[in-house]
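Step one of this worksheet: look at the structure below.
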Amino acid sequence: MSDILILNGRLADPATGVDAERDLLLRHGKVAAIEKPGGLSDVNAKEVIDATGMVVAPGLVDVHVHLREPGQTYKESIKTGTAAAAAGGFTTVVAMPNTVPVNDSVEGLEWMLDAARGACIKLLAMPAATFGSRGEEITDFHELARAGAVGFTDDGKPVLHDGVMRDALVAAATIGVPVSQHAEDTRLTGGCSMNAGPVAFRLGLRGMTVEAEARIVERDIQLLREIEETNRLRPHLHVQHVSTARAMELIRSAKAEGLHVTCEVAPHHFTLTDEAIGDYDTNAKMNPPLRVEADRLAMIAGLMDGTVDCVATDHAPHAAFEKEQEFERAPNGITGLETALGLALRVLHKGQGMTVSRVIALMSAQPARVISLEGRGTLKVGSFGDVVVFDPALEWKYDATKTRSKSRNTPFDGAPMLGRVAFTLSEGRVVYRG
Amino acid sequence: MKSSMDSAEKSSEYAAGSLLTVTDLPVIEVAAILAETDRLEGMPSADRAQILAGRKIALLFYESSTRTRTSFELAAKQLGAMTTLVSDKSSSIEKGESLKDTGLTLRALGAECIILRHSNSGAPYLLAKVCGLPVLNAGDGMHEHPSQALLDLRTILKRVPGLDAARIGPKTLSDVTVVITGDILHSRVARSNAMLLPKLGARVVLCGPKELLPEEALGLGLPKSSGCVEIERDFDKALRKAQVAMMLRIQRERLAGLEIDLVDYISRYQLDEERLKASAPRAVVMHPGPMIRGMEIADEVADGPNSAIEEQVTHGLAVRTALLVRALGVGRFESVTV
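Chains A and B supply the protein sequences, listed in that same order.
Here the numbering used here is used: the first residue of the first sequence is 1322, the next is one more, and so on.
Here the numbering used here is used: the first residue of the second sequence is -11, the next is one more, and so on.
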């Protein structure tokens, strides 16, 4: 018997609109039944989880993680990265292709998704949009999609060339998957290691301007328009880790215009500003960089008004020796899987009054929709038994030394969190117990 | 010394006696450093040579330097300390050894203090954190050059008439306008001066074209300073307010693709005799060096009666003796050691 009962919790499933006390039965890896409290009392389950005082929600979905395998397993592996994801309440993650070698082939993709890698939750991947992510020639989207690609991206770098980005959007549109763009005009950001502005000036660091992000978003939106007109296709642009008010405004108007644009915001961009760099803390260095307060507030406004489709972590583990370098030499990126829910609940729910159900939607149903994921990001009967059970009121402090990740490069070590994961279940199996 | 304790507590991650930035240096600490400079300068050299006798000081230089390196080295020797120089060109740094491991190696060899010059902004913080020794920032990238700002302050106190160098406080420079002109963007000297001098009440006017002086530079105005930081792009207008004209070199090595029309630059921003006579005939002319004569400054001004450029170098040596005594926690700085 594989039955698991989750009783007495507040079931919040934004996809079906349920937000009430419900008991949940998982059987054979799927959601088998949802009943009012007591309605499943005849079931004789293998395990009963008492979720009194807890929220029972669809397992979280992160469309943007770096698991470093193959090639950089000293930073992270698929096994450890997905274990960290499970600890953060995630049951689906989408691996970025900037591994070594770059994930740009069917063989590479199949190797990554193979069960032998030891993912404890659902692992998906976006292979490279161009060979070697060099930005020159697009990869074989059709073959890669057949092998499981849920989108295409050169993340870490933009697809800079207009013609190549156009090719990518057209090819992806014929399959019905997004091109996920790292929006940075790298012609404007050479030698830059943080946001441009008074803090960068004071620290003597070259800064990335708002224009560097906005210009690529603007160009990509224009490409969507052109492709809709000339190719009679409906390409889907997904803008990764939006960090500036300017880019947010461009996305807002593109959506109003009816173009198929989605976007994500990372927890650090709605929580911190470039002041967090302090004395050159390389754990506050990532790309796009932390911006100013007006940008942070624009991220929150976009999350509140629905411009932002999902929260994504951009989990980017690095070894201690790599981060313990001169600021300009240290690599970009921070870990994020274990802190995302705690920050979202603290900043968006407690800080801004967003309902818990909306926070869950931004981290489950909505990211699932971005990649057209079926049977996940919801708890409706028949879906996969991907569940997170968390105490929404528990305040705690994150301790990076206890991470499941191989790396500890986070600016949130010791930071207050709201809401703590008690159980994460992937396809009906408990993969994390808090 | 309570103030030293305060600053030590504030940056407890770093060993007491470190000088990484001027931003967390309280005015009373500035006064103590300058007083110690005077005291050491007035001592018989034989006595001075006892102060750090047998102590070990490492100079770690990732960038070339004439003035700063030599003056730190001579300062250490005047105090009787042993010094060793490690530069990126002739050490294991060339083989890829990290700053952390270089620092740990120097510590294992007995270094009690490291003087660091580095091309990356913020490198001294990293070194101080990982090796736990007092670190003196001898210039880090485009960030700061704190000992330069202190020697510039001493030069101003000695040269500008009517200042009471014996009583350093938040109003000491309240009648002084210091115009810093040139490549502010790439200048760690400009940053340190623009953050230090206003703590003593100075008005710092930054002057230069937009490409070399972005508006963000106003962010150097620290909230707690009694003075202020302003921008004035017209050099002649700026000079008319100046008691001190500090000129900066265009840092070709950091321009990173930025193109400057040098003929236009010279006509607008070079300090020549005509300009000095017309707008600021009594101003003290300063330059942290290296100077490019004929570019930001004309020969006759560099060598003229207003120039304090050589005195700056001399004050540099003097101030650095005090910084070393402070770093090693002796004399009046005993209480800053942990």
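All C-beta atoms in this analysis are idealised placements derived from N, C-alpha and C, irrespective of residue type, glycine included.
Does the Cβ-Cβ distance between residue i and residue j come in under 7 Å?
i                       : j                       : result
residue 1439 of chain A : residue 1707 of chain A : no
residue 1649 of chain A : residue 1705 of chain A : no
residue 1613 of chain A : residue 1518 of chain A : yes
residue 1593 of chain A : residue 1611 of chain A : yes
residue 167 of chain B  : residue 99 of chain B   : no
residue 302 of chain B  : residue 63 of chain B   : no
residue 3 of chain B    : residue 120 of chain B  : yes
residue 1345 of chain A : residue 1377 of chain A : yes
residue 1581 of chain A : residue 1691 of chain A : no
residue 1403 of chain A : residue 1727 of chain A : no
residue 1711 of chain A : residue 1743 of chain A : yes
Mind checking residue i: buried by the 16 CB within 10 Å criterion, or exposed?
i                       : result
residue 108 of chain B  : buried
residue 180 of chain B  : buried
residue 1657 of chain A : buried
residue 97 of chain B   : exposed
residue 1414 of chain A : buried
residue -4 of chain B   : Bear in mind that a pLDDT of 40 at residue -4 of chain B, under 50, signals an unreliable position, so the number given afterwards is only what the model happens to contain. Buried, since its Cβ has 16 or more Cβ neighbours within 10 Å.
residue 1325 of chain A : buried
residue -2 of chain B   : Residue placement at residue -2 of chain B cannot be trusted, given a pLDDT of 46 that sits under 50; the coordinates are not used to answer.
residue 1583 of chain A : buried
residue 1392 of chain A : exposed
residue 1551 of chain A : exposed
residue 1722 of chain A : exposed
Once you ignore the five residues that flank residue i on each side, which residues in its own chain have a CB closer than 8 Å to its CB?
i                       : result
residue 38 of chain B   : 68
residue 1470 of chain A : 1430, 1446, 1447, 1448, 1462 and 1498
residue 1496 of chain A : 1462, 1463 and 1466
residue 1603 of chain A : 1644, 1645, 1646, 1648, 1651 and 1730
residue 378 of chain B  : Nothing about residue 378 of chain B can be read from this structure; chain B reaches only from -11 to 326.
Kindly list the residues whose CB is nearer than 7 Å to the CB of residue i, restricted to its own chain and excluding five residues on each side of it in sequence; keep chain order.
i                       : result
residue 1756 of chain A : Residue 1756 of chain A lies beyond the stretch modelled for chain A, which goes from 1322 to 1755, so this question has no answer here.
residue 208 of chain B  : 179, 182, 183 and 217
residue 156 of chain B  : 15, 18, 19, 22 and 188
residue 1264 of chain A : The first residue shown for chain A is 1322 and the last is 1755, placing residue 1264 of chain A beyond what the model contains.
residue 281 of chain B  : 287 and 290
With DSSP run on the structure shown, which of helix, strand or coil describes residue i?
i                       : result
residue 1312 of chain A : No answer is possible for residue 1312 of chain A: the residues shown for chain A start at 1322 and end at 1755.
residue 1740 of chain A : strand
residue 1613 of chain A : coil
residue 1521 of chain A : helix
residue 22 of chain B   : helix
residue 49 of chain B   : strand
residue 1753 of chain A : strand
residue 1647 of chain A : coil
residue 1329 of chain A : strand
residue 1745 of chain A : strand
residue -2 of chain B   : Because the pLDDT of residue -2 of chain B is 46, which lies under 50, any placement of that residue in the model is unreliable, and the number read from its coordinates should be weighed accordingly. The answer is helix: DSSP assigns residue -2 of chain B an H, G or I state.
residue 30 of chain B   : helix
residue 1411 of chain A : strand
residue 88 of chain B   : helix
residue 1383 of chain A : strand
What is the rounded straight-line gap between the Cα of residue i and the Cα of residue j?
i                       : j                       : result
residue 1361 of chain A : residue 1370 of chain A : 13 Å
residue 191 of chain B  : residue 1637 of chain A : 45 Å
residue 81 of chain B   : residue 87 of chain B   : 8 Å
residue -7 of chain B   : residue 8 of chain B    : Interpretation of residue -7 of chain B is limited by its pLDDT of 39, a score under 50 that renders its predicted location unreliable; the figure taken from the coordinates is listed afterwards. Going by the C-alpha atoms only, they are around 16 Å apart.
residue 41 of chain B   : residue 284 of chain B  : 42 Å
residue 1661 of chain A : residue 1384 of chain A : 13 Å
residue 1335 of chain A : residue 1687 of chain A : 9 Å
residue 296 of chain B  : residue 137 of chain B  : 14 Å
residue 1455 of chain A : residue 1482 of chain A : 10 Å
residue 1526 of chain A : residue 1596 of chain A : 13 Å
residue 1668 of chain A : residue 1598 of chain A : 19 Å
residue 1397 of chain A : residue 198 of chain B  : 44 Å
residue 256 of chain B  : residue 196 of chain B  : 9 Å
residue 70 of chain B   : residue 60 of chain B   : 12 Å
residue 1642 of chain A : residue 85 of chain B   : 12 Å
residue 1408 of chain A : residue 1752 of chain A : 8 Å
residue 314 of chain B  : residue 5 of chain B    : 5 Å
residue 1732 of chain A : residue 173 of chain B  : 28 Å
residue 1694 of chain A : residue 1500 of chain A : 15 Å
Leaving aside the five residues before and after residue i along the sequence, list all residues of the same chain whose C-beta is less than 6 Å from its C-beta, in chain order.
i                      : result
residue 13 of chain B  : none
residue 112 of chain B : 8, 104, 123, 125 and 128
residue 245 of chain B : none
- request: Give the residues from the segment 68 to 89 of chain B that approach chain E closer than 8 Å (Cβ to any Cβ), ordered along the chain.
  value: You won't find chain E in this structure, because its protein chains are A and B.
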